[in-house]
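Here's the structure, in structure tokens; my notes come after.
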Amino acid sequence: MEKDTFSEVLKEELAHVRIQTHAQAFWEAYALRRYLPPRSKRESKRLKDGTVVSGRPFLLRRLYFLEKKLSGQGPAFRRQGKGLLIDGNGLPAEPPLHILLKNAAARRCYLRGTFLARGSVASPHKSHHLEMAFANRCDAMWIKTLLEKEELKAGITDRRSAWVVYLKDSDEISKFLTILGAFRSVLEYENIRAKKNLKSSVQRLVNMDRANVSRAVEAALRQIEDIVLIDSERGLSSLSPALRELAVLRLENPDMTMEELGQALNPPASKSAVNHRFRRIAEIASRLRAEMSHGDTGKNQLP
105 MEKDTFSEVL KEELAHVRIQ THAQAFWEAY ALRRYLPPRS KRESKRLKDG
155 TVVSGRPFLL RRLYFLEKKL SGQGPAFRRQ GKGLLIDGNG LPAEPPLHIL
205 LKNAAARRCY LRGTFLARGS VASPHKSHHL EMAFANRCDA MWIKTLLEKE
255 ELKAGITDRR SAWVVYLKDS DEISKFLTIL GAFRSVLEYE NIRAKKNLKS
305 SVQRLVNMDR ANVSRAVEAA LRQIEDIVLI DSERGLSSLS PALRELAVLR
355 LENPDMTMEE LGQALNPPAS KSAVNHRFRR IAEIASRLRA EMSHGDTGKN
405 QLP
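Just add 104 to wherever you are in the sequence shown, counting from 1, and you've got our numbering.
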């Protein structure tokens, strides 16, 4: 999906979704007829925000295909399904819209036509945002109601001269595209989303690793500073054998991890034991600093 935007490719796919019944053709065609922006330049400019240009070739082809499917029944065909009237040319007349609240198949065809006419979706590479923009609040509220019937939590806002119904949750956007029948686009959307999530996870791990390395380096520097202080003021011989062994090992191996230091001791010690010994060394260094601040640096052996 490099040549065209994700939204354009999605709509091309939706414009080629197979229609199984005349009722499906009816509801999608009705939504397209109802929501396609006006053709006049003045009106199109006023409704431009978030809408599809009425002259989009694939939209006009889709509408022609749907209306041809409807009119194919001939002049005698006047009803489709339960009271779904069409006019003398076989085109959708004003239907009882309450059917959409109960009939999921009809509702989804209607939503597909609506999205083709009024919808757009951001590239999943950038953000998770899908919207449909309408000229009035009544239409926006109606579409929000239909989305809620599909258990989708849509928001609604006014933006300049348009009322916008939107989805911002990636799971809900994926579900909505599936409902519309855009299965290839759903796979692409999920693929991009998975790659983004993986990249974010890797970056978090890298950041965590950097933070851990930084903390380990800072800890090693503090340990070496404490050991050097003890050595200069009292001598490492003033330490107990266990602490002296670890102090010498740290001075000789400033880049060793706590686990590696523990394994290098004789006998080997756990990371917890190494931490405990370094805490004792830090306490001794802290007492020495306190004594130095009071001018007392006696050479007594430390515990």
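Backbone N, C-alpha and C fix where the C-beta goes; we use that ideal spot for every residue, glycine too.
Minimum Cβ-Cβ distance from residue i to chain C less than 8 Å
| i | result |
| --- | --- |
| residue 135 | Given the protein chain composition of this structure (a single chain), no chain C is represented. |
DSSP bridge partner residues for residue i (one or two, in chain order)
| i | result |
| --- | --- |
| residue 271 | 234 |
| residue 262 | 267 |
| residue 339 | Bridge partners of residue 339: none, in fact. |
| residue 224 | 235 |
Proximity winner among the options, relative to residue i (alpha-carbon distances)
| i | options | result |
| --- | --- | --- |
| residue 274 | 364, 313, 227 | 227 |
| residue 243 | 309, 138, 370, 230 | 138 |
| residue 114 | 266, 169, 278, 239 | 278 |
| residue 333 | 397, 288, 393 | 393 |
| residue 111 | 315, 232, 276 | 232 |
| residue 338 | 225, 121, 395 | 395 |
Own chain residues within Cβ distance below 8 Å of residue i, not counting five before or after
| i | result |
| --- | --- |
| residue 361 | 320 |
| residue 214 | 131, 132, 134, 135, 204, 250 |
| residue 328 | 354, 355, 358 |
| residue 368 | 353, 357, 360 |
CB-CB length for residue i against residue j, believed under 8 Å
| i | j | result |
| --- | --- | --- |
| residue 235 | residue 223 | 7 Å |
| residue 340 | residue 323 | The pair is not a contact, with the Cβ atoms about 20 Å apart (cut-off 8 Å). |
| residue 385 | residue 330 | 5 Å |
| residue 375 | residue 387 | Their Cβ separation, rounded to whole angstroms, is 19 Å, which puts residue 375 and residue 387 out of contact at 8 Å. |
| residue 210 | residue 127 | 6 Å |
| residue 248 | residue 276 | 13 Å between Cβ atoms; not a contact. |
Contacting residues, own chain, Cβ-Cβ under 6 Å from residue i (five flanking each side not counted)
| i | result |
| --- | --- |
| residue 212 | 283 |
| residue 267 | 238, 241, 244 |
| residue 259 | 270 |
Own chain partners of residue i with C-beta closer than 7 Å, once the 5 adjacent residues on each side are dropped
| i | result |
| --- | --- |
| residue 117 | 286, 288, 289 |
| residue 229 | 296 |
(request) Inspect the CB distances between the segment 374-392 and the segment 340-352 and report whether three or more fall short of 8 Å. (result) Contact between the segment 374-392 and the segment 340-352 is present, because at least three Cβ pairs lie under 8 Å.
(message) Assess contact between the segment 245-265 and the segment 317-332, defined as three or more Cβ pairs (one per stretch) separated by less than 8 Å. Is contact present?
(response) Segments in contact, no.
(request) Check whether the segment 295-309 touches the segment 261-273, taking contact to mean three or more Cβ pairs, one atom from each stretch, closer than 8 Å. (result) Counting Cβ pairs under 8 Å, fewer than three are found: no touch.
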